[in-house]
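Note that the working numbering has the sequence shown beginning at 649, numbered continuously upward.
Glycine included, every Cβ here is placed at the ideal spot set by N, Cα and C.
One structure below.
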Amino acid sequence: MNWEVARKEGDEPHVGSFSSLLTMKITPLAVAALISLAIPVAGSALQAQRPAASGSAKPTKSASSVAHPLDPLNRGEIAAAVKIIQAADRFPKGALFPIVVLKEPPKDEVLAYSQGAPFRREAFAVVYDRATNKTFEAVADLKAASVSSWKEMPGVQPGFLVEELSSAPEIVKADPRWQDAMKRRGFTDLSRVHVDGWAPGTVGLTTAEGPRLIRALSFDRTNATSSVYSRPIEGLDIVVDMNQRKVVEFVDRGVVPISKDAAQLEAKNAGALRAALKPLRITQPNGADFQIRGNEIRWQKWRFRYALHPREGLVLYTVGYEDGGKVRPILYRASLSEMVVPYGDKDKSWSWRNAFDVGEYGIGRLASYLIPGKDAPDNATFMNADFADDFGKAYTAKGVVTVYERDGGLLWKHFDINVDHTESRRGRELVIGYLAGVGNYDYGINWIFRQDGSMQMQADLTGIMLSKGVSLTSVAGDGSGHTMDGAHLVAPYVSAPHHQHFFNFRLDFDVDGQKNSVVEINALPETNRDVNPDGNAFRIEQAVLKDEKTAGRDLDLAQARKWMVVNPTVKNSLGAPTGFVLVPGDNSVPYSLPGSRLRQRAGFVDHHFWVTRYKPDEMNAAGYYPNQSRGGDGLPQWISDNESVENEDVVTWYSTGVTHIPRPEDWPVMPVAHVGFHLLPVGFFTRNPAMDLR
Ligand SMILES: [Cu+2]
C-alpha cells in the first residue's frame, strides 16, 4: 500500500458526520445526536489495530469513538464544541479559535472511572477576537450542548496562529518600506522573498495589554524547493500590529550580502551520492507485540494512554505496569509543558528572539506527517490526530503519531567462566513519538518503554538552524577566538547565532497511588578520615523535599544528584518505599542574565527540577499565555505559596537544556541531536523485572 492511498483512507471515518454538522442547526438534541454518533457506548470501541506487515507501514484511521474520559476530542466533538460556542450570544462574530481541546475531567473522576460508566465530555477553547483584541476562555459541555463557562482574559495574548503564517506576511509585503528595502537588496520580483512571522519575543513594545504583534523575518526563497531558510535577508526589524493590520515598526539597519548558496536538501542537490545501502529489513511476520485499543496502548507489561495535544504535543496518561495481576500506577500524566529557545546574539535584530514553542507556537498542532521507513522504521504504525484550525474547523492530521517496537540491544547477560555458561536476553523497546516542524527547526518527542521497567524521554532536535546574513566568506584564526560575536560561520555569507533549547517536562507521578514524596539523592565522598581511613568510602545522602520553595533544585555532577518519587505508604518486601528515579541526561544552565526579560518570562529555567502540589490548572511551566507576556507566570508563581509536597499529590517538573554552538556540519540541515532523561524504577520491584524473559 502506498502512502497516498493510505492517507486518503484516513479521511473516511468522519467525512459523513462532519459535513452534515456544518449545515445542521445546533440544538441540544442535535448535538446529543451527533455525539451519540461519534461516541458509541463506552467500552464497545475496542478496535485493535494490527501494524502493517513489513515494508508497507500504513497509518491507522482516526479513533472515531470515545471510550475513556481522557480520549482526545474527535472531529465530531470538535465541530460540535465550536458550534456551541459560536452560537452563544457572547461570542464575537468572526472570532478565532487558537485552541479547542478536551477539557480533561477532574483527576478524581478519571481515577474512579470504570469501563462502561458514563463520563463527562467538555471542550476547552480559547477564543480570540482580533477586531477588539480580546481573549476569552470558553468551556462547552458537549452532553448538555451548552457553554458552561465563558471568561474574558484581560491582558493576555494567545499564541501564534497558523493562519498568521500567511496573514502577517501579506501585511508586510504590502508595506512600501519593505518593498523598497527589498529593491535595495536587488529583488525586483518580490515573490522571491519569503516572509516568516514570529511571536514578538521580549524586547521593546511587546506587552500583552497592547495590540497583538508579530515580527517578520525575510529570506531569499529563489529556487527554494525544500527549505526557505537558507538565505537570510539580514538587517530588517519589522513589527506588525495584527489588530490594525499594519506595520508599526520598520528599521533597515543596512544591506548585508545575501548568500547564493542553494542549501536545498534533496539528494539531487548533494553532489555525488554514496552507494545505496544493501537492505536492512525489519520484519514482524506475526505482527507486533503491542495492542492499540482506541487511545490505550498495551505492550509487554506497560499500559498507557496517549493523545496528541494541540499545544503540548504528545501526552501520556495513566502510565502503569502490570505486576502481580494488577496494574500499578506510575504516572498520571506526562508531557512537554513548555520550551524556550533563547538566542545569544546581542545584535538588536536578534536579541528579542526566543521561541516558546509550546505556549507561543502550539507545537502539537505543528505535528508533521511521518514518512514510513524514514521518520519511523518499516514496521511502525501511524496514528491520526483531530484538531481544530484557527477558524474552528475540525480536521484530521494524518499519520502524525507513530508507535513501533525496535531492537533494544542487550538487556542483560552473564557469562560465568567457572561453569562455562552464558545467560543473556535480547531487549526489545516500544517507542511512541511524533515530529513537529516549528518554522525552521524540527523537534521530535519520543517516549521509550523498556522491559526492565524503565522509561526514557528522548527529544530529537533537527531541521534548519536559524541563520544570520553576514558579509564574511571565511573566518581567520586558530580556533582560539571568535571572529564573530554571537554567531558562527556555517557557509559563505551565512552564520548561525549560538542559542539554547530548554524543554520543560511536566511529570505528574502517581507511584502506587496519588500521594507521593520526592527524595533528593546525593553521593558524597566520606571526608572524615576517622571513619574512612582507607579513603575509599563515599556516602549516599537521601533527603525528602519538604515544600515547593525548597524543592526547586539543580543538577550537581559532583554529587551525582538525582530525584526519586516514592510512595511513602507502599513498601516493597525489603521495607523500602516503592519509587521511580529521574535520571538526568545532558543539561545546561541558562546564559541569559538573571532579571532579563527572558529569564522573567521563562522562569522555569531557573531550576532543573521543581516539585509542586497537584493543581489541575497548573499545566505549562511558563504559564498559559507566554506570548507577549512580561513574565512571572508559571512555576515561580505557583511555588510562591510554598505548599508542602511531602506525602501529597505531587507534580514534578524537569527542565533540560541544550547549548547549541553551531557547527558547519549542522548546515544545511542539522544531524539529529538528542536530549532527555530516564525514569528508572528504584525499589518499585524487588528484583530485576526482566528475569521472566524467555
Ligand atoms: Cu539549536
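Exposure of Phe1186 is indicated by the presence of fewer than 16 other C-beta atoms within 10 angstroms of its C-beta.
Relative to ligand 1, even the nearest heavy atom lies 7 Å or more away from the CB of Leu1137. Among the bridge pairs identified by DSSP, Gly1324 is matched with Gln1106.
Ranking Val1159, Met1113, Asp1158 by CA distance to the CA of Pro1312 puts Met1113 first. Apart from sequence neighbours up to five positions away, the residues of its chain that approach Gly1085 with a beta-carbon distance below 8 Å are Leu1014, Ser1016, Gly1111, ordered along the chain. Residue state for Phe898 is assigned as strand, using DSSP reduced to three classes. Taking a 10 Å sphere around the C-beta of Asp1055, we find fewer than 16 other C-beta atoms and assign the residue as exposed. The C-alpha of Gly972 lies about 19 Å from the C-alpha of Phe1097. Distances taken from the Cβ of Met1212 to the heavy atoms of ligand 1 include none shorter than 7 Å. Across the set Gln1104, Val1293, Ala1171, Arg1076, the C-alpha of Val1293 shows the shortest separation from the C-alpha of Thr1198.
Cα atoms of Lys996 and Ala829: separation of roughly 18 Å, rounded to the nearest angstrom. With a cutoff of 7 Å, Met1113 counts as near ligand 1, since its C-beta is closer than that to a heavy atom of the ligand.
Under DSSP, Arg863 takes part in a beta bridge, and its partners are Trp846, Val887. Gly724 sits in a helix when the DSSP states are folded into three classes. Taking Pro1329 as the centre and dropping the five residues before and after it, the same chain places the C-beta of Gly1101, Ser1102, Phe1228 closer than 7 Å to its C-beta, in chain order. The residues Trp1000, Asn1002, Arg1245, Leu1246, Arg1249, in chain order, have a CB closer than 7 Å to that of Thr850 in the same chain once the five nearest residues on each side in sequence are set aside. Met1031 and Ala728 have their C-alpha atoms roughly 23 Å apart. No residue range can be given for Gln763, since it is assigned to no beta strand (DSSP E) and is classified by DSSP as neither H nor E. Around the beta carbon of Val775, 16 or more other beta carbons lie within 10 angstroms, which makes this residue buried.
Exposure of Gln1190 is indicated by the presence of fewer than 16 other C-beta atoms within 10 angstroms of its C-beta. With 16 or more neighbouring CB atoms inside 10 Å of its own CB, Ser1277 falls in the buried class.
In the DSSP assignment, Ser794 falls within the beta strand (DSSP E) that extends over 794–800. Sixteen is the threshold: since fewer than 16 other Cβ atoms of the shown chains lie within 10 Å of the Cβ of Ala923, the residue is exposed. Looking from the CA of Thr1029, the closest CA among Val1049, Thr780, Arg941, Lys1022 belongs to Val1049. In this structure, DSSP gives Ile1188 an extended state, which the three-state scheme calls strand. Annotation for Met987: no alpha helix (DSSP H) segment contains it, though the beta strand (DSSP E) segment containing it runs 974–990. Contact check between the region 970–987 and the region 932–951: three or more CB pairs, one atom from each, fall below 8 Å, which counts as touching. Across the structure, Ala982 and Phe1153 are spaced so that their CA atoms are roughly 7 Å apart. The C-alpha of Asn1027 is placed about 11 Å away from the C-alpha of Asn934. By the criterion of a C-beta distance shorter than 7 Å, Val904 is surrounded in its chain by Glu882, Gly883, Gly1117, Val1118, Ser1119, once the five residues flanking it on both sides are discounted. Between Phe745 and Phe1039, the CB-CB gap stays under 8 Å.
The residue from Asp1068, Tyr1009, Gly1007, Leu1078 with its alpha-carbon nearest to that of Pro1025 is Leu1078. Rounded to whole angstroms, the separation of the alpha carbons of Tyr1273 and Ala736 is 24 Å. Looking at Leu1241, Leu718, Val1237, Phe1257, the one whose alpha-carbon comes closest to that of Val1231 is Phe1257. Scanning its chain for C-beta atoms nearer than 8 Å, with the 5 sequence neighbours on each side dropped, one finds around Leu790 the residues Val679, Ile683, Glu725, Ala728, Ala729, Ile732, Arg769, Glu770, Ala771, in chain order. Under the three-state reduction of DSSP output, Asp828 falls in the helix class.
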